[in-house]
């Protein structure tokens, strides 16, 4: 027996739409194939979760599921369809779920509610376009912090489906108009009855398009698209953060026979930097000071992301761990002329390998100094320690 859809998502019946969406995202991330490579159980679980969400996110489907249970949905889904499963990934990008597996749900509800198919259902053209829509693509892009600071325009090349140039995506060798499919009468779907329910599935003869090609294109075999490597210009905005996603509408897979193309999603990851660390719009760095510089004060020059240097004033008596803020020297903010800040943390180095004369100078300093005044933290520490242990 199939698992309860609510239980699969860790929900109780009566959960809100927001709770359903949140639970799905959490469970999908946990069991996604990319996070569980080679784990068949996790892959099966991921598909179950996706199926449950497809039903529960739709008010009509959810209402039917609450009343009837799995019977209607499982019988309908087992009848074939457009293949909504994940495609294998290719060198840094992956294909997301395509459309089409549950094309007849609205028609099923129309039958249950006694509606006319011509009244509220999708038209043949809309169903065919949805059925043949190209899949979305994913490309993982690794950037340096400098590239994220300045922004980047670059070209990427990916293997994908593109519109066939021989038939211009029509699928016909001679440009003749397609004819209505004899199996479904141009509807794109065929129906069957099980008990009191009427079920609709994608027509296997025309793959849901509602028509057939008498003289198929010799290049694409009537698909209207061919497989090849495609070069795409990508613009990465200045200030982009690691984990951000850039969407290129219509740059995914070409659709079947002039159906809409999918989208391309660029997922950005930033490489570690040798000097700077980033936290949102701010940058952080650490510098080392000599004991003399920290004691006497002065100034230092610190590199900036734009390639220059900025002067930072070091007060007398600066302690190790002190942090200084340099305004507007951090990362640029997206869609804004503003920038974050740069924070400089100092570490004071204790001298090593001293000469005899240098050691004597320090001994004289230690002997003649008023410890409570010159080194108040050290003096206070030992005083408190003495009071604790006598």
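Residue numbers (my numbering): 21 to 410. In this text, a Cβ means the ideal position worked out from N, Cα and C, and glycines have one as well.
Q) Apart from the five residues just before and just after residue 374, which ones in its own chain have a Cβ nearer than 8 Å to its Cβ? A) 382
Q: Taking residue 272 and residue 302 to be in contact with their CB atoms under 8 Å, please state how far apart those CB atoms are, rounded to whole angstroms.
A: That belief does not hold up - the Cβ atoms of residue 272 and residue 302 are roughly 35 Å apart, past 8 Å.
Q | Rounded straight-line distance, which links the Cα of residue 90 to that of residue 75 | A | 10 Å
**Q.** Bounding residues of the beta strand (DSSP E) (the contiguous stretch that carries residue 220)
**A.** 217-222
(Q) How far does the beta strand (DSSP E) with residue 29 in it extend, from its first residue to its last? (A) Where residue 29 is concerned, there is no enclosing beta strand (DSSP E), given that its DSSP letter is neither H nor E.
Q | Other residues of its chain near residue 317: CB distance less than 6 Å, five sequence neighbours each side excluded | A | 334, 335, 336
Q | Contact set for residue 310: own chain, Cβ-Cβ below 7 Å, skip 5 residues either direction | A | Contacts found: 369.
Q. Hey, does residue 155 have any beta-carbon neighbour from chain B nearer than 8 Å?
A. In the displayed structure, chain B is absent; only one protein chain is listed.
Q) What is the rounded straight-line gap between the Cα of residue 162 and the Cα of residue 70? A) 29 Å
**Q.** Under 8 Å between C-beta atoms of residue 164 and residue 291
**A.** yes
Q: Can you tell me which of the three DSSP states residue 344 falls into?
A: strand
Q) Distance, Cα to Cα, residue 327 vs residue 263? A) 25 Å
Q: Pick out the complete beta strand (DSSP E) segments inside the stretch 264-315, 3 residues or longer, and give them in chain order.
A: You should have 265-268, 284-290, 297-299, 302-310.
Q.
According to DSSP, is residue 14 part of a helix, a strand, or is it coil?
A. Residue numbering for the chain in the displayed model covers 21 to 410; residue 14 lies beyond these limits and cannot be assessed.
Q: Mark residue 408 as exposed unless 16 or more other C-beta atoms lie within 10 angstroms of its C-beta, in which case mark it buried.
A: exposed
**Q.** Of the residues 307, 295, 257, 238, the one placed nearest residue 287, counting alpha carbons only
**A.** 257
Q: Identify whether residue 200 lies in helix, strand or coil by the three-state DSSP scheme.
A: strand
(Q) Check for me: the alpha helix (DSSP H) holding residue 71 runs from which residue to which? (A) 60-76
Q: If I'm right that residue 322 touches residue 364 with Cβ under 8 Å, what's the distance once you round it to whole angstroms?
A: 6 Å
Q) Helix, strand or coil: how does DSSP classify residue 390 here? A) coil
Q) Residues in its own chain within less than 8 Å of residue 295 by CB, not counting five upstream and five downstream? A) Hits under 8 Å: 305, 323.
Q. Where does residue 90 sit, in a helix, a strand or coil, going by DSSP?
A. helix
Q. Taking Cβ positions, are residue 260 and residue 196 nearer each other than 8 Å?
A. In this structure, the beta-carbon distance from residue 260 to residue 196 does not fall below 8 Å.
**Q.** For residue 68, the nearest candidate out of 58, 47, 392 (CA to CA)
**A.** 47
Q.
Below 8 Å, how does it come out for the stretch 233-243 and the stretch 184-195: are there three or more Cβ pairs, yes or no?
A. yes
(Q) So, with DSSP's three-state summary, where would you put residue 381? (A) helix
**Q.** Proximity to residue 73 [Cα-Cα], best of 55, 38, 54
**A.** Ranking 55, 38, 54 by Cα distance to residue 73 puts 38 first.
**Q.** residue 244 in three-state terms, based on DSSP
**A.** coil
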